[in-house]
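Chemist: 1 is the number of the first residue of the sequence shown in the UniProt record's numbering; add one for each residue after it. One structure follows; several queries about it will come next.
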Amino acid sequence: MLTSTAVLAVPVLPAAAVPRTAPGRDCAAVAERHLATMTPEQKVGQLVMVGGPRADVRRAVAELHAGVASLSDAPDPRAAAEYANGMRAAATGVPILVGGDFEHGAAHNIRTGTTALPRPMGLGAARDPAKAATAAGITAAELRLAGVRLTLAPVADVESRPDRPFGVRSFGQDPELVSRLTAAQVRAYRAAGVAAAVKHFPGHGGADVDAHLELPTVDADRETLERTAFPPFRAAVAAGAPVLMTAHILLTAIDPELPATLSPAVVSGVLRGDLGYTGVVITDSVQMGAIRQRWGVVDGSVLAIRAGADVVLSTGPFTDHAAITHALRDRLSPERIEESAARVLRLKCVYGAFDRRPADPELAAALSGTRGARKAARAIARDSITVLDNSSGALPFRRDARTLVAGVLDTEALARHLGAEWWQAGGADPTDAEIAEAVARARDVDQVLVATYARTAALPPGQARLVRALAATGTRVAAVSIGVPHDVTAYPDLGAALAAYAQTFVWDTQPPANDTVLGAVADVVFGARAGGRLPVHLSEELPYGHSAAAPAPVAQSPGVTRPPS
1 MLTSTAVLAV PVLPAAAVPR TAPGRDCAAV AERHLATMTP EQKVGQLVMV GGPRADVRRA
61 VAELHAGVAS LSDAPDPRAA AEYANGMRAA ATGVPILVGG DFEHGAAHNI RTGTTALPRP
121 MGLGAARDPA KAATAAGITA AELRLAGVRL TLAPVADVES RPDRPFGVRS FGQDPELVSR
181 LTAAQVRAYR AAGVAAAVKH FPGHGGADVD AHLELPTVDA DRETLERTAF PPFRAAVAAG
241 APVLMTAHIL LTAIDPELPA TLSPAVVSGV LRGDLGYTGV VITDSVQMGA IRQRWGVVDG
301 SVLAIRAGAD VVLSTGPFTD HAAITHALRD RLSPERIEES AARVLRLKCV YGAFDRRPAD
361 PELAAALSGT RGARKAARAI ARDSITVLDN SSGALPFRRD ARTLVAGVLD TEALARHLGA
421 EWWQAGGADP TDAEIAEAVA RARDVDQVLV ATYARTAALP PGQARLVRAL AATGTRVAAV
481 SIGVPHDVTA YPDLGAALAA YAQTFVWDTQ PPANDTVLGA VADVVFGARA GGRLPVHLSE
541 ELPYGHSAAA PAPVAQSPGV TRPPS
């Protein structure tokens, strides 16, 4: 039997294709030697991770000596490898570390040719640390091929507000489950030679608003935070997390004035003091509304480093990168700059930046998205799909029947996997005219799968009307929630519903459809076993651990906060 820290043996890449750094290297000594030869500008540059327009990132690396560069929206592995090589070539004197957001696989920011993995809540529904570790291992292998050695993942936030879901970026609401999956992924990334930046300390799951837009406040007392929000981060530290990312959240019980990112009480006091963390601390983007609106990107960056962070994440234009870098140089002591620069250099040494071996774009293209990796990912995805209800017996669908996929998101991609027709509304809240059009289409087929999507717990009313209208046609109908599973509470009497945890909007843009998860949905709709159990509490009828496909209910996990009846 697989243990909680095992990594499934999946034929992802030949071992020789992804070289490791030399074992036993004294990276503290390497960092000190480099630090002794660096200019003040090179030292302060290590304290900035730059993202945004590609030309601005390259210029920041070349002119500002930015120590870390962010990869985003690469079209394929070849382009990603070329980007990483270009950033290495632009770096002057100190090797660059290339990283980025890869919460659900390399496909998160390398759009084609890589392996899409289930989003974190899907892994939470699968309930298996070994599967979470496998997902991390597949991601790490493809990132290393592209020359990427840092991933801003896993997400260790506990989903603690049923009324305002964090989305499918959280593993779930049980701190113990989130802790086990977080630790498993940290270990898997370390074993594969990719630095995992666990986020968002001290936990975004209880936030009342979106930090991309404004500053969230968490009013929980310290005892509650210790029980619900902190455990996954303690587990990450114990697992050897090399990087932790701070959240722009106001914790009133610890610092009622400054958000965690800017708070010495949180970063130096709780994270470095109480949790004993000695690795690199990176901020979430200082361009987010929570920081930009009240402190500004420059003052916010200086306050973050003074609070105990080592690296500021700047995702804006070159003018922001330059202003931040110059302010850090002018307003921090040389000793404070060297302290953080040394941590960053040690991280670079451990994760191979000093090896200076370029990525091979052709090898990255040839060995990413392998059949073995995609097969493993789809198996994990099937084990994440959750049957919420099948009291109507509508599932499984017949393969030889005429099928329609209707909804507001990803319907064309889902229909392709089902070999079905598709219809999609023009927006998230279908009009009466659009619903009538969908109903007419449904009367010409044998079975309908409705794909619903809500960014938060509240499903737009037009989608609920769409489901009811399709069910009233008398055609066999089942529904699948593409995002958070809460959709089903808007159509509790449908009788056939799945949760896929496949999609989320983070910045009000639509990410590409997750073909791995949608393919698994199609498998389950046609009769494959669905292995997922609810990783969040939806209602008394749909509690944490629920699965209509399960032989028996799962007991409530300790530490899970349920909403009042």
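Beta carbons: idealized from backbone N, C-alpha and C, even for Gly.
Could you work out which residue in Thr319, Arg272, Gly279 is closest to Gln287 when comparing CA atoms only?
Modeler: Comparing Cα positions, the closest option is Thr319.
Chemist: Can you tell me whether Asp515 is buried or exposed, with buried defined as 16 or more other CB within 10 angstroms of its CB?
Modeler: Asp515 should be labelled buried.
Chemist: Which value, in whole angstroms, describes the spacing of the CA atoms of His537 and Asp221?
Modeler: Each residue's Cα considered, the two are about 22 Å apart.
Chemist: Ala304 and Val312 - do their beta-carbons sit closer together than 8 Å?
Modeler: Result yes, Cβ atoms of Val312 and Ala304 sit closer than 8 Å.
Chemist: Please state whether the Cβ-Cβ distance between Val480 and Leu449 is less than 8 Å.
Modeler: Yes, Cβ-Cβ distance for Val480 and Leu449 is below 8 Å.
Chemist: Counting only the same chain and skipping the five closest in sequence on each side, list residues whose C-beta sits under 7 Å from that of Arg399.
Modeler: Contacts found: Phe526.
Chemist: In or out: Arg78 buried (at least 16 other Cβ within 10 Å) or exposed?
Modeler: Arg78 is buried by the Cβ-count criterion.
Chemist: Where do the ends of the beta strand (DSSP E) carrying Ser301 lie?
Modeler: Not the beta strand (DSSP E): Ser301 falls in the alpha helix (DSSP H), residues 297-307.
Chemist: Of the residues Leu363, Leu409, Ala229, which one's Cα is nearest the Cα of Gln173?
Modeler: Gln173 has its Cα closest to that of Ala229, out of Leu363, Leu409, Ala229.
Chemist: Buried or exposed: where does Asp219 fall if 16 or more other Cβ atoms within 10 Å of its Cβ makes it buried?
Modeler: Looking at its Cβ environment, which holds fewer than 16 other Cβ atoms inside 10 Å, Asp219 is exposed.
Chemist: Among residues of its own chain, excluding the 5 on either side of Arg343, which ones have a beta-carbon nearer than 6 Å to its beta-carbon?
Modeler: Val280, Asp310, listed in sequence order.
Chemist: Would DSSP call Ala379 helix, strand or coil?
Modeler: Correct three-state label for Ala379: helix.
Chemist: Would you report the Cα separation of Val237 and Glu257, rounded to the nearest angstrom?
Modeler: Computed Cα separation, rounded: 26 Å.
Chemist: Using only CA atoms, which one of Asn109, Ala125, Thr112, Gly105 lies nearest to Gly137?
Modeler: That would be Gly105, whose Cα lies nearest to the Cα of Gly137.
Chemist: When the distance is taken between beta carbons, is Val488 closer than 8 Å to Ala497?
Modeler: Contact: yes.
Chemist: Express the C-alpha separation of Gly316 and Ala22 in angstroms, rounding to a whole number.
Modeler: Here Ala22 scores only 42 on pLDDT, less than 50, and its place in the model should not be relied on; the value that follows carries that caveat. Cα to Cα, Ala22 sits roughly 35 Å from Gly316.
Chemist: Out of Gly240, Asp299, Glu63, Glu142, state which residue places its alpha-carbon closest to the alpha-carbon of Leu262.
Modeler: That would be Asp299, whose Cα lies nearest to the Cα of Leu262.
Chemist: Please work out which residues of its chain come closer than 7 Å, Cβ to Cβ, to Cys349, disregarding the five sequence neighbours upstream and downstream, and give them in chain order.
Modeler: Result list for Cys349: Arg25, Cys27, Val30, Ala31, in chain order.
Chemist: Out of curiosity, what's the CA-to-CA distance linking residue 591 and Glu159?
Modeler: Residue 591 cannot be examined here, being either before or after the span of the chain that is shown, 1 to 565.
Chemist: Taking the DSSP output, what are the residues bridged to Thr151?
Modeler: According to DSSP, Thr151 bridges with Gly100, Ala196.
Chemist: Go through its chain and collect everything with a Cβ distance to Leu470's Cβ below 8 Å, but skip five positions before and after it.
Modeler: Only Ala406, Ala438, Val439, Ala442, Val448, Val450, Val477 meet the Cβ criterion.
Chemist: Considering only the alpha carbon of each residue, which of Arg371, Leu251, Gly167, Pro361 lies closest to Ala457?
Modeler: Of Arg371, Leu251, Gly167, Pro361, the residue nearest in Cα terms is Gly167.
Chemist: Could you check whether the segment 116-135 touches the segment 374-385, counting it as contact only if at least three pairs of C-beta atoms, one from each stretch, sit closer than 8 Å?
Modeler: At 8 Å Cβ cutoff, the stretches touch.
Chemist: Do Thr252 and Val267 count as a contact pair if the criterion is CB distance below 8 Å?
Modeler: Against a cut-off of 8 Å, the Cβ pair of Thr252 and Val267 comes out as no contact.
Chemist: Where does Ala526 fall in DSSP's three states?
Modeler: Per the sequence shown, residue 526 should be read as Phe rather than Ala. Correct three-state label for Phe526: coil.
Chemist: Between Ala549 and Ala141, what straight-line distance do the alpha-carbon atoms span, to the nearest angstrom?
Modeler: Those two C-alpha atoms are separated by around 34 Å.
Chemist: Whole angstroms is fine: what's the gap from Pro543's alpha carbon to Leu534's?
Modeler: In a straight line, the C-alpha of Pro543 is about 7 Å away from that of Leu534.
Chemist: Who are the Cβ neighbours of Met38 in its own chain at under 8 Å, not counting the five residues just before and after it?
Modeler: So the list reads Gly93, Val94, Ala341, once near-sequence residues are dropped.
Chemist: Just the C-alpha distance for Val61 and Val98, rounded to the nearest angstrom, thanks.
Modeler: If I take the Cα positions, the gap works out to 11 Å.
Chemist: Are the CB atoms of Ile249 and Pro216 nearer to each other than 8 Å?
Modeler: In contact: Ile249 and Pro216 (Cβ atoms closer than 8 Å).
Chemist: Once DSSP output is grouped into helix, strand and coil, what is the label at Gln447?
Modeler: Note: Gln447 maps to strand in three-state DSSP.
Chemist: Just to confirm before moving on: does the CB-CB distance between Pro118 and Phe171 stay below 8 Å?
Modeler: Their beta carbons are not under 8 Å apart, which means Pro118 does not touch Phe171 by this criterion.
Chemist: Counting only runs of 3+ residues fully inside the segment 359-430, write out the beta strand (DSSP E) ranges in chain order.
Modeler: Taking only runs of at least 3 residues, the beta strand (DSSP E) segments lying wholly in the segment 359-430 are 386-389, 403-407, 421-424.
Chemist: For Arg33, does the three-state DSSP call read helix, strand or coil?
Modeler: Of the three classes helix, strand and coil, the one that applies to Arg33 here is helix, per DSSP.
Chemist: Can you grab the Cα-Cα spacing for the pair Leu123 / Ser333, in whole Å?
Modeler: Their backbone Cα atoms lie some 44 Å apart in a straight line.
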